[in-house]
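Q: Input: one structure, supplied below.
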Amino acid sequence: MHSITRLMLAPLAASILLAAGCVNYAGIDHQGKLLAVADAPSDSLKDKLPPAQWPRADWWTSLGDPRLGALIEEAYASNPDLQEVAARVAKANAFLDLRDAERYPEMDASASVTRGRLSRFEDYSGEGHKYFTARNLAVNFSYTFDLWGGQRAAWESALNSARAAEVDLQSSRLILATNVVKAYNQLAYAWQVSELNQRDLERLSKLVDLTDSRYGSGLDNLSQLKQVQSLKARSESTLIGANEDIEIARLQLSALIGKGVDRAHTLERPSNLQASVVALPAQLPAQLLGRRPDIVAARWRVEAETKNVEAVKTTFYPNINLVAAAGSHALTGDALFAGVSKFWNVAPTVSLPIFDAGRLRSDLKAGNAELDSSIAQYNRVLNSALHEVAISVTQLRSFEQQIVVQRDACSIAQSSYDLSQSRYKAGEDTFLDALNIEQQLIQDEMRLAFLNSKHIDSSVSLMAALGGGFQAPALETAQSSDL
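Residues in the sequence shown are numbered from 38 upward in steps of one, following my numbering.
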């Protein structure tokens, strides 16, 4: 019924505008177009990873450390950035309630008592110098008819903005979980580096003792002794730096979970994390639209600005307000509720903008500019999301290949070290030879630890790029299809 009334009134409004030469929005429209995405995965991604399901909401469990989930829940509860986003959600919902309230009639009651003195000109008897007490009791009513759907469009705009804010909260949770996992992985890597540096320092300490003994026997010179002592001192410095990295990683992790410095000292060494087994789902670009919270939030904002433009356009049309009041007015207390003291009035008002120096047109231009901006932001987020997936897949595949090669290098270095130990015990090699071979083994293990850490980071990045288990409901049919 409401839509039929609107259709009946639309030609009337158009004729009034044209006949009266009133302000109109001719020639004002938005320019942006939403980026179209093909349903099939791009060729650059199709063959790099096998097809699979989308990530689960608790994707971090695949890394193999149950303590990680507890840290993420702690971060969800205490992180200030997340609390700030939650406050913005509450604000958006409050604004939605405000827009909803504007669609309904308003009614209020008022009562007043006024004590005064009449002048001669106010006194009907012409005497003046009389005192009076006026008593008023009234109920007021007002309602603005939503003939053109402007109030509903404004409410729908606020509704879409509130939805975007709620999805922003999900996006912030995903970013926070990703950062916590990466910080936890960095802490695990820092501990591995410290452990390997400790082994290298022990090796160099043995080398210094051996060189010092050989120098005392005349087999080595002073320069050789000073050289290995310098290497040991450098290794001690490196170990101090590695231990510092552990403390920094602890502090960064405690900051992410929203706790103080003391919480950092309670963080234990993580387990050896395993990179998630990640594969690309089929129909990647199309389904990514509903799997990435930042894309979903950006689309809701486009819808919000679209509805806002619709609301602004209705301000060019005639507007009808209804104001009514009823009550009682008396100069004596006993007459306040008497029939002669009662009053009522009804005042319908029709308003039509005729000249406003371009205010309404400027307002509409600003609304269209905001719509174009939201469309551009959506296109940017979508384009960035697809590139993030492509970059993460490329990095993941590269680190997987490097790890295979580096594991072979570590295996060869371990075999060489084991052989040197056997030959040393058999008297076929010197202890110096064994120590030098151990150096290569430590370096290869250091490189492997680095690659494993980067591999885990890249798998986490891909999980986040795929939405981290987020799944949004389908956008409603009220959305615009012509953007």
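Just so it is clear, CB atoms sit at the ideal spot from N, CA and C, and this is done for glycine as well.
From glycine 506 to leucine 325, what distance separates their C-alpha atoms?
A: Cα to Cα, glycine 506 sits roughly 11 Å from leucine 325.
Q: Quick check for students: name the residue ranges of the alpha helix (DSSP H) that lie wholly in the segment 440–475, counting only runs of 4 or more.
A: If we require 4 residues or more, the segment 440–475 turns out to have no alpha helix (DSSP H) run fully inside it.
Q: Go ahead and pull the three-state DSSP assignment for tryptophan 96.
A: Here tryptophan 96 sits in helix by DSSP.
Q: Tell me, please, whether the segment 182–189 touches the segment 269–286 by the rule of three or more beta-carbon pairs shorter than 8 Å.
A: The segment 182–189 vs the segment 269–286: no contact.
Q: Taking the Cβ atom as the reference point for each residue, do valine 360 and proline 390 lie within a distance shorter than 9 Å?
A: Contact: no.
Q: Enumerated in chain order, which unbroken segments of the beta strand (DSSP E) with a length of 3 residues or greater are wholly contained in the segment 145–186?
A: Fully enclosed beta strand (DSSP E) runs of 3 or longer: 167–181.
Q: Taking only beta-carbon atoms, is tyrosine 252 less than 9 Å away from chain D?
A: Of the protein chains in the structure, only one exists, and it is not chain D.
Q: For glycine 395, which of helix, strand or coil comes out of DSSP?
A: The answer is coil: DSSP assigns glycine 395 none of H, G, I, E or B.
Q: Assuming histidine 492 contacts alanine 312 (C-beta within less than 8 Å), just tell me the rounded distance between them.
A: Sure, about 5 Å apart at Cβ, within 8 Å.
Q: Taking the alpha carbon of alanine 521 as the reference point, which residue from Ala375, Phe353, Trp381 has its own alpha carbon closest?
A: There is no way to answer for residue 521, as the model of the chain reaches only from 38 to 520.
Q: With proline 117 as the anchor, note down where its alpha helix (DSSP H) starts and where it stops.
A: Its alpha helix (DSSP H) spans residues 117–138.
Q: Measure the alpha-carbon distance for leucine 368 versus glutamate 164 and round it to whole angstroms.
A: Going from the Cα of leucine 368 to the Cα of glutamate 164 covers about 17 Å.
Q: Have a look at threonine 351 and serine 410 and give me their C-alpha separation to the nearest angstrom.
A: So the two alpha carbons sit approximately 22 Å from each other.
Q: Does the distance from the C-beta atom of arginine 210 to that of tyrosine 141 stay below 9 Å?
A: The answer is no: Cβ separation not under 9 Å.
Q: Measuring only the C-alpha atoms, how far is phenylalanine 132 from valine 430?
A: About 41 Å.
Q: What number of angstroms, rounded off, separates the C-alpha of arginine 172 from the C-alpha of phenylalanine 178?
A: Near 20 Å, if we compare the C-alpha coordinates of phenylalanine 178 and arginine 172.
Q: So, are the CB atoms of leucine 472 and cysteine 447 less than 9 Å apart?
A: No, Cβ-Cβ distance for leucine 472 and cysteine 447 is not below 9 Å.
Q: Terminal residues of the continuous beta strand (DSSP E) containing serine 365?
A: Note, serine 365: beta strand (DSSP E), 356–367.
Q: Excluding the 5 residues flanking aspartate 134 on each side, which residues of the same chain have their C-beta closer than 8 Å to its C-beta?
A: Cβ neighbours of aspartate 134 beyond the five flanking positions: none.
Q: How long is the line joining the alpha carbons of leucine 524 and leucine 108, rounded to whole angstroms?
A: Residue 524 lies beyond the residue range present for the chain, which begins at 38 and ends at 520; the question has no answer from this structure.
Q: Measuring only the C-alpha atoms, how far is phenylalanine 487 from glutamate 342?
A: The alpha-carbon atoms of phenylalanine 487 and glutamate 342 are separated by roughly 47 Å.
Q: Once you ignore the five residues that flank alanine 146 on each side, which residues in its own chain have a CB closer than 6 Å to its CB?
A: Correct list, in chain order: Val176.
Q: Under three-state DSSP, which class holds glutamate 143?
A: Correct three-state label for glutamate 143: strand.
Q: My guess is that leucine 310 and alanine 220 are in contact by the Cβ rule of under 8 Å, so how many angstroms apart are they, rounded?
A: No, leucine 310 and alanine 220 are not in contact; Cβ-Cβ is about 12 Å, not under 8 Å.
Q: Would you identify the three-state DSSP class for asparagine 420, choosing helix, strand or coil?
A: Here asparagine 420 sits in helix by DSSP.
Q: How close, in whole Å, do the beta carbons of proline 307 and aspartate 137 come, if the pair is a contact with beta carbons under 8 Å?
A: 48 Å between Cβ atoms; not a contact.
Q: What are the residues that DSSP puts in a beta bridge with phenylalanine 380?
A: Gly364, per the DSSP bridge assignment.
Q: Kindly indicate the opening and closing residues of the alpha helix (DSSP H) around lysine 296.
A: Note, lysine 296: premise wrong, no alpha helix (DSSP H); not H, not E.
Q: Just checking my contact of tyrosine 252 with leucine 259 at CB under 8 Å: how many whole Å lie between their CB atoms?
A: With 8 Å as the limit, tyrosine 252 and leucine 259 qualify as a contact, their Cβ atoms being about 7 Å apart.
Q: With which residues is valine 387 paired in a DSSP beta bridge?
A: The partner list for valine 387 (beta bridge, DSSP) reads Ile357.
Q: Given aspartate 183, which residues of its chain have a CB within under 7 Å of its CB, disregarding the five upstream and five downstream residues?
A: Once the five neighbours on either side are set aside, the close Cβ partners of aspartate 183 are Arg140, Arg189.
Q: Ordered along the chain, which non-local residues of its own chain (more than five positions away) have a Cβ less than 7 Å from that of serine 495?
A: Around serine 495: Ser429, Gln432, Leu433, Phe436.
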